[in-house]
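Those protein sequence lines, which keep their order, are chains A and B.
Counting with numbering that gives the first Met the number 0, you get residues 0 to 258 for the letters of the first sequence.
Counting with numbering that gives the first Met the number 0, you get residues 0 to 258 for the letters of the second sequence.
Just so it is clear, CB atoms sit at the ideal spot from N, CA and C, and this is done for glycine as well.
Data first, discussion second: the structure below is written as structure tokens.
Number of protein chains: 2
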Amino acid sequence: MIMQYNAAPDDAPGRGAGSGPSPQPLYRQVKSHLVHRVLTGEWRPGEILPSEIKLAEEYGLSQGTVRKAIEEMASEGLVSRKAGRGTFVTSHGTGRRPFRFHRLRADDGQKIAGDNVQFLHFRETSATARAAAGLGLPGKAPVIETLRLRHYDGRPVLLELICLPSRRFPGIAAALEAQRPASICLLLERRHNVLVTRIEERVRARMPEPQERQLLNLAPQTPVLEVERVSFSLSGEPVEWRTITCATDSIYYASNSSD
Amino acid sequence: MIMQYNAAPDDAPGRGAGSGPSPQPLYRQVKSHLVHRVLTGEWRPGEILPSEIKLAEEYGLSQGTVRKAIEEMASEGLVSRKAGRGTFVTSHGTGRRPFRFHRLRADDGQKIAGDNVQFLHFRETSATARAAAGLGLPGKAPVIETLRLRHYDGRPVLLELICLPSRRFPGIAAALEAQRPASICLLLERRHNVLVTRIEERVRARMPEPQERQLLNLAPQTPVLEVERVSFSLSGEPVEWRTITCATDSIYYASNSSD
DNA sequence: CAGTGGTCTAGACCACATC
DNA sequence: ATGTGGTCTAGACCACTGA
Chain A
0 MIMQYNAAPD DAPGRGAGSG PSPQPLYRQV KSHLVHRVLT GEWRPGEILP SEIKLAEEYG
60 LSQGTVRKAI EEMASEGLVS RKAGRGTFVT SHGTGRRPFR FHRLRADDGQ KIAGDNVQFL
120 HFRETSATAR AAAGLGLPGK APVIETLRLR HYDGRPVLLE LICLPSRRFP GIAAALEAQR
180 PASICLLLER RHNVLVTRIE ERVRARMPEP QERQLLNLAP QTPVLEVERV SFSLSGEPVE
240 WRTITCATDS IYYASNSSD
Chain B
0 MIMQYNAAPD DAPGRGAGSG PSPQPLYRQV KSHLVHRVLT GEWRPGEILP SEIKLAEEYG
60 LSQGTVRKAI EEMASEGLVS RKAGRGTFVT SHGTGRRPFR FHRLRADDGQ KIAGDNVQFL
120 HFRETSATAR AAAGLGLPGK APVIETLRLR HYDGRPVLLE LICLPSRRFP GIAAALEAQR
180 PASICLLLER RHNVLVTRIE ERVRARMPEP QERQLLNLAP QTPVLEVERV SFSLSGEPVE
240 WRTITCATDS IYYASNSSD
């Protein structure tokens, strides 16, 4: 891996190698390389990275340049830095990460999370048009479909229909059924070394289907909120599609500019 | 204004003044001061700040320290930096800022904006419980209430009920009625030197009121999305409360983690 | 051409955590 | 005591902008 950063279009003596186009600053090249090393599992979630000094020596750059690379990774949530200790690969298993994507709140402001998850079915099927579009798959590609019901305060409140591309995650059906994990993100991270770093959601209002009305125990004429979510891995690949359906008498969807 | 940054709890020779507790790093003190100067109108939206070098001289610090302060301001959207030109106070009147808070999209992904705004009424009234709570006002405090209807593709799609605290923004009723601005943010910025930098939104599904159904031209049994928004100024003060009601047959609410 | 922000270096001291 | 990230400095070269 050759790091270079020349400004001059032709052969000016910047630093490092002589010529050749190199639009990316050094610290971004370092960042890309470090991200790749995290993704390929050189350091697993929760593990510590080498210190800035060691990395600077390894890349033959100054500490400040490596620092800037790591700081960008930290600001994107891929690693977290602890003064006096070191830099750690973030994990959905530890820290505040698991809650970052939960935007549904009870009226008292409490996040709807916790372990009150009931699995209604697992199914190997072919993707619906919407799911395929969200996942960037060809129509009718095979997916693992999971239906879950979350409870809050003793009442069923959230219905989640989750689709995972089976070809991308071989063997995940069995793992899902065996572990019934409360966090799909954590499963993707542990089993497939895929870190979910970004989600896109679309929220709509609609009337519930009869089955939904029954599962969520809704009064007649009660509309529901439908959240359609696509989760993306760090490399930008869509890895999960789901719709969340919920009654909105005591639940709302919260959104802050700049999270 | 005294800048100091001592580490030692008692009198160690850090730099600058001798003792005294100073938990904030220098660059944050600089940032706070610069933010204050922007807020008090020393540099108006769209205007250019002094260069890093001049500010460093003014504060008696190194360029790197001032740079870090400005970089934080830029990452929060208060200023924007242009290589070769300078640092500018961001404005809702120019640049991409006006769209940052528009989360409602048409099904084709187009943002619902533009000038298709119809003003239905202006009214001086006392705040409802919800509006007062959102604005942090005592119950029944006086507010200016505005009702607007936005069109898209020739059809009415968004109904906005906007409340502004009249005591905080004297004379704004007349300005609203005279200018009928498409952007309230811009009005607050121009008339009152208040920059909206953050919003909080709560989204719910519900059935429309008869008047809403009529204004939005909705079929019976069609639920609507209700977005309740509080806008905050840079200093964290709530400055506007509104609810946006919209049909969701061809409109959705978009939300991305990390905007 | 002079001035701006963008990048990079080398070195220093600090608080904090761990051993 | 050692090593970590956090802050700060001083200086350098660069690309880009606009006069």
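Q: Confirm, please, whether the CB-CB distance from B:S256 to A:R197 is below 9 Å.
A: Position 198 of the first sequence, counted from the start, is the residue given in the question as residue 197 of chain A. Position 257 of the second sequence, counted from the start, is the residue given in the question as residue 256 of chain B. It is a contact, given that the beta carbons lie within the stated cut-off.
(Q) Quick check on A:A16: buried or exposed, where buried means 16 or more other Cβ atoms within 10 Å of its Cβ? (A) As a first step, residue 16 of chain A is located in the first sequence; it is residue number 17 there, counting from the start. Per-residue confidence for A:A16 stands at a pLDDT of 37, beneath the threshold of 50, marking its modelled position as unreliable; the derived number appears in the next sentence. By the neighbour-count rule (16 or more Cβ atoms within 10 Å), A:A16 is not buried but exposed.
Q.
Can you look up B:G85 in the DSSP assignment and give me helix, strand or coil?
A. Counting from 1 along the second sequence, the entry for residue 85 of chain B is found at position 86. Reduced to three states, the DSSP call for B:G85 is strand.
Q. Is the distance from the Cβ of A:E290 to the Cβ of A:R27 below 9 Å?
A. This structure leaves residue 290 of chain A out entirely; chain A is present only between 0 and 258.
Q: For the region 113-128 of chain B and the region 172-180 of chain B, state whether three or more C-beta atom pairs, one from each stretch, are separated by less than 8 Å.
A: The answer is yes - the region 172-180 of chain B touches the region 113-128 of chain B, with three or more Cβ pairs under 8 Å.
Q: Could you tell me if A:K30 is buried or exposed, where buried requires 16 or more neighbouring beta carbons within 10 angstroms of its beta carbon?
A: By 1-based counting over the first sequence, the position of residue 30 of chain A is 31. Burial call: buried.
Q) Are A:V202 and B:V202 close, meaning C-beta to C-beta below 9 Å? A) Residue 202 of chain A sits at position 203 when you count from the first residue of the first sequence. Residue 202 of chain B sits at position 203 when you count from the first residue of the second sequence. The answer is yes: Cβ separation under 9 Å.
(Q) Within 10 Å of its beta-carbon, does A:I147 have 16 or more other beta-carbons around it, so buried, or fewer, so exposed? (A) If you number the first sequence from 1, residue 147 of chain A lands on position 148. Correcting the residue type first, residue 147 of chain A is Arg in the shown sequence and not Ile. Around the Cβ of A:R147, a 10 Å sphere holds 16 or more other Cβ atoms; the residue is buried.
Q: Would you identify the three-state DSSP class for B:L77, choosing helix, strand or coil?
A: Taking the first residue of the second sequence as position 1, residue 77 of chain B is located at position 78. Correct three-state label for B:L77: coil.
Q. B:W240 bridges to which residues according to DSSP?
A. As a working note, residue 240 of chain B is residue 241 in the second sequence. Note: B:W240 sits in a beta bridge opposite B:C162, B:V229.
Q) Considering A:Q117, what are the terminal residues of the alpha helix (DSSP H) in which it resides? A) If you number the first sequence from 1, residue 117 of chain A lands on position 118. First-last for A:Q117: 116-125, but that is the beta strand (DSSP E), not the alpha helix (DSSP H).
Q. B:R104 and B:I111 look like a contact to me (Cβ under 8 Å); what is the Cβ gap, rounded to whole Å?
A. Numbered from its first residue, the second sequence carries residue 104 of chain B at position 105. Numbered from its first residue, the second sequence carries residue 111 of chain B at position 112. With 8 Å as the limit, B:R104 and B:I111 qualify as a contact, their Cβ atoms being about 7 Å apart.
(Q) Could you check whether B:L134 and B:P169 sit closer than 9 Å to each other, using their CB atoms as the reference points? (A) Residue numbering aside, residue 169 of chain B sits at position 170 when the second sequence is read from its first letter. Residue numbering aside, residue 134 of chain B sits at position 135 when the second sequence is read from its first letter. Inclusion of B:P169 and B:L134 in the CB contact set at 9 Å is not warranted, their separation being larger than that value.
Q: Kindly list, in the order they appear in chain A, the residues whose Cβ is closer than 8 Å to that of B:T247.
A: Sequence index remark: in the second sequence, residue 247 of chain B carries index 248 (1-based). Simply R203, A204, R205.
Q) Is it true that the region 209-228 of chain B meets the region 188-196 of chain B, where meeting means three or more beta-carbon pairs spaced less than 8 Å apart? A) No: fewer than three Cβ pairs fall under 8 Å.
Q: Note the first and the last residue of the continuous beta strand (DSSP E) segment covering A:Y26.
A: Locating residue 26 of chain A in the first sequence gives position 27, where the first residue counts as 1. Counting along the chain, A:Y26 sits inside no beta strand (DSSP E); it lies in the alpha helix (DSSP H) bounded by residues 25-38.
Q: Mind checking which residues open and close the beta strand (DSSP E) that includes A:E260?
A: With chain A covering only 0 through 258, there is no way to say anything about residue 260 of chain A.
Q: Pick helix, strand or coil for B:K139, following the three-state DSSP scheme.
A: As a working note, residue 139 of chain B is residue 140 in the second sequence. In the displayed model, B:K139 falls within coil according to three-state DSSP, outside both helix and strand.
Q: Determine the closest residue to A:S249 out of A:L224, A:E236, A:W240, A:L233, with distance taken between C-alpha atoms.
A: Position 250 of the first sequence, counted from the start, is the residue given in the question as residue 249 of chain A. The shortest C-alpha separation from A:S249 is found at A:L224.
Q | Where the beta strand (DSSP E) through A:Y4 begins and ends | A | Translated into positions along the first sequence, residue 4 of chain A becomes position 5. In the DSSP assignment, A:Y4 falls outside any beta strand (DSSP E), carrying neither H nor E.
Q: State the start and end residues of the unbroken beta strand (DSSP E) segment that holds A:L186.
A: Here residue 186 of chain A refers to the residue found at position 187 of the first sequence. Taken as a continuous stretch (DSSP letters only), A:L186 belongs to no beta strand (DSSP E), being part of the alpha helix (DSSP H) at 183-191.
**Q.** Cα-Cα separation, B:Y58 to B:R80
**A.** Residue numbering aside, residue 58 of chain B sits at position 59 when the second sequence is read from its first letter. Residue numbering aside, residue 80 of chain B sits at position 81 when the second sequence is read from its first letter. Those two C-alpha atoms are separated by around 20 Å.
Q) Does any C-beta atom of chain A lie closer than 9 Å to the C-beta of B:V223? A) As a first step, residue 223 of chain B is located in the second sequence; it is residue number 224 there, counting from the start. Output row for B:V223: interface = yes.
**Q.** Pick from B:I243, B:Y251, B:T242 that is closest to A:E227, judged by C-alpha positions
**A.** In the first sequence, the residue the question calls residue 227 of chain A occupies position 228. Of the listed residues, the one whose Cα sits closest to A:E227 is B:Y251.
Q | Within 9 Å, strictly: CB atoms of A:A253 and A:R102 | A | Working through the first sequence from its first residue, we reach residue 253 of chain A at position 254. Working through the first sequence from its first residue, we reach residue 102 of chain A at position 103. With respect to the 9 Å criterion, A:A253 and A:R102 are classified as neighbours on the basis of their beta carbons.
Q: Specify the secondary structure class of A:L54 as computed by DSSP and reduced to three states.
A: By one-based count along the first sequence, residue 54 of chain A stands at place 55. Residue state, collapsed to three classes: helix.
Q) Along chain A, in chain order, which residues have C-beta atoms closer than 7 Å to that of B:Y251? A) As a first step, residue 251 of chain B must be located in the second sequence, where it is residue number 252. For B:Y251, the neighbours in chain A by C-beta distance under 7 Å run, in chain order, R201, V202, R203.
**Q.** Cβ-based neighbour list, B:F100, same chain, cut-off 7 Å, excluding 5 preceding and 5 following
**A.** Taking the first residue of the second sequence as position 1, residue 100 of chain B is located at position 101. Cβ within range, chain order: I198.
Q | Buried/exposed call for B:S230, threshold 16 Cβ in 10 Å | A | Here residue 230 of chain B refers to the residue found at position 231 of the second sequence. The C-beta of B:S230 has 16 or more other C-beta atoms within 10 Å across all chains shown, which makes the residue buried.
Q: My understanding is that A:V88 touches A:R43, with C-beta atoms under 8 Å, so please give their C-beta distance in whole angstroms.
A: As a working note, residue 88 of chain A is residue 89 in the first sequence. As a working note, residue 43 of chain A is residue 44 in the first sequence. About 7 Å separates the beta carbon of A:V88 from that of A:R43, a gap short enough to meet the 8 Å contact definition.
Q: Determine the direct distance from the alpha carbon of B:I161 to that of B:T145, and round the result to whole angstroms.
A: Residue mapping note: residue 145 of chain B aligns to position 146 of the second sequence, counting from 1. Residue mapping note: residue 161 of chain B aligns to position 162 of the second sequence, counting from 1. If I take the Cα positions, the gap works out to 5 Å.
Q. Residues in its own chain within less than 7 Å of A:L233 by CB, not counting five upstream and five downstream?
A. For the purposes of this step, residue 233 of chain A is identified with residue 234 of the first sequence, where counting begins at 1. Taking C-beta separations shorter than 7 Å and ignoring five residues to either side along the sequence, the partners of A:L233 in its chain run V34, L38, L77, L194, T196, following chain order.
Q. Quick one: is A:F100 near chain B, going by C-beta distance under 9 Å?
A. In the first sequence, residue 100 of chain A corresponds to position 101, counting from 1. The beta-carbon of A:F100 is placed less than 9 Å from the nearest beta-carbon of chain B.
Q: Since I believe B:I183 is in contact with B:R239 (beta carbons under 8 Å), could you give me their beta-carbon distance rounded to a whole number of angstroms?
A: Indexing the second sequence from 1 puts residue 239 of chain B at position 240. Indexing the second sequence from 1 puts residue 183 of chain B at position 184. Reading off the sequence, residue 239 of chain B comes out as Glu, not Arg. B:E239 to B:I183, Cβ: 6 Å. Contact.
Q) Since A:A177 is in the beta strand (DSSP E), which residue starts that stretch and which ends it? A) The residue you call residue 177 of chain A lines up with position 178 of the first sequence. Careful: A:A177 lies outside any beta strand (DSSP E), inside the alpha helix (DSSP H) at 171-178.
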